[in-house]
Amino acid sequence: MKVTSEYVTSQIVFIGYTAFVSTNTHDASGPVFVADNCALDFINTEYGEGARHCECLVDDDSVVDWLKQAGLLSQAPGKAPDGLLALALEMREAGKAMVKAAKTGQRADADVVNRVLTLGNPTRELQWDGETASYQMVRRRDTTHAFGLLEPVADALVNLLTTAQLDLVRQCEGDDCTLLFHDLTKSHRRRWCSMAACGNRMKVAAFRSRQKAG
Ligand SMILES: [Zn+2]
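Going letter by letter, the sequence shown gives residues 696 to 909 in the working numbering.
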């Protein structure tokens, strides 16, 4: 059997996203982690159109939950700081605009990202480590305020915008799906947020329309 490269790519995508398939479909609401990039996963906290629209960031606590799920927060603050949702949404809009603009060699406003980088910047401390009997540099992020909590997301955006090949940042080709991903496949032919959610749906639709035409 001749295996086309598209088939192989699809399988890689499918295998890579088993967790997503079993816990999230587009019919379920909630965060999805399909982008292969933390900054894009953050932008993807709002996705879909019409009946499939999902907004994952609805209050300060939901932002803390997302940070935990994304692995960006080992210890949750006792109480989500006020203003966390507002800052997160402002940064998400800015991030989305910057990625879109940068893909075509344009600039968009980076103010909010720079503010988070400055005000959320971890402090550094020199500490003695008794176990290794040596000094260690320890970084501390103040997670009791919104800037400290969102600093790793701003950092991820910086990494994406300064080091990633932005032509490999694309939107899922599924109808009414708006999820972005960073295509890290070898062939760079990834087309879907996940094979199970959009890939199969679109392939079935294409098959039906071919049958109709025939
Ligand atoms: Zn999709």
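Note that the Cβ used here is the ideal one computed from N, Cα and C, for glycine as well. Predicted, not measured: the structure shown is a model, and the values here were computed from it.
Around the beta carbon of aspartate 755, 16 or more other beta carbons lie within 10 angstroms, which makes this residue buried. Excluding five sequence positions before and after proline 847, the CB atoms of its chain that fall closer than 7 angstroms to its own CB belong to Leu767, given in chain order. Short note on glycine 725: C-beta not closer than 7 angstroms to any heavy atom of ligand 1.
For histidine 877, the closest of Thr827, Val807, Thr858 and Asp870 by C-alpha to C-alpha distance is Thr858. Going down the chain, each residue whose beta-carbon is closer than 6 angstroms to a heavy atom of ligand 1 shows up: Cys867, Gly869, Cys872, Leu874, Trp887, Cys888, Ala892 and Cys893.
In this model, glycine 843 and alanine 746 are separated by some 35 angstroms (Cα to Cα). Contact annotation: valine 864 and leucine 735 have beta-carbon atoms nearer than 8 angstroms. Excluding residues up to 5 positions away in sequence, Tyr830 and Met832 lie with their Cβ nearer than 7 angstroms to the Cβ of leucine 821 in the same chain. With a contact defined as Cβ atoms closer than 8 angstroms, alanine 851 and proline 776 miss out at about 20 angstroms. A direct Cα-to-Cα measurement between leucine 782 and arginine 903 gives close to 45 angstroms. Taking arginine 787 as the centre and dropping the five residues before and after it, the same chain places the C-beta of Phe737, Ile738, Thr740, Glu741 and Leu752 closer than 8 angstroms to its C-beta, in chain order. Within a 10 Å sphere around the beta-carbon of tryptophan 823 sit fewer than 16 other beta-carbons, which makes this residue exposed. Per the C-alpha coordinates, the member of Ala796, Leu779, Gln801 and Gly894 positioned closest to aspartate 760 is Leu779.
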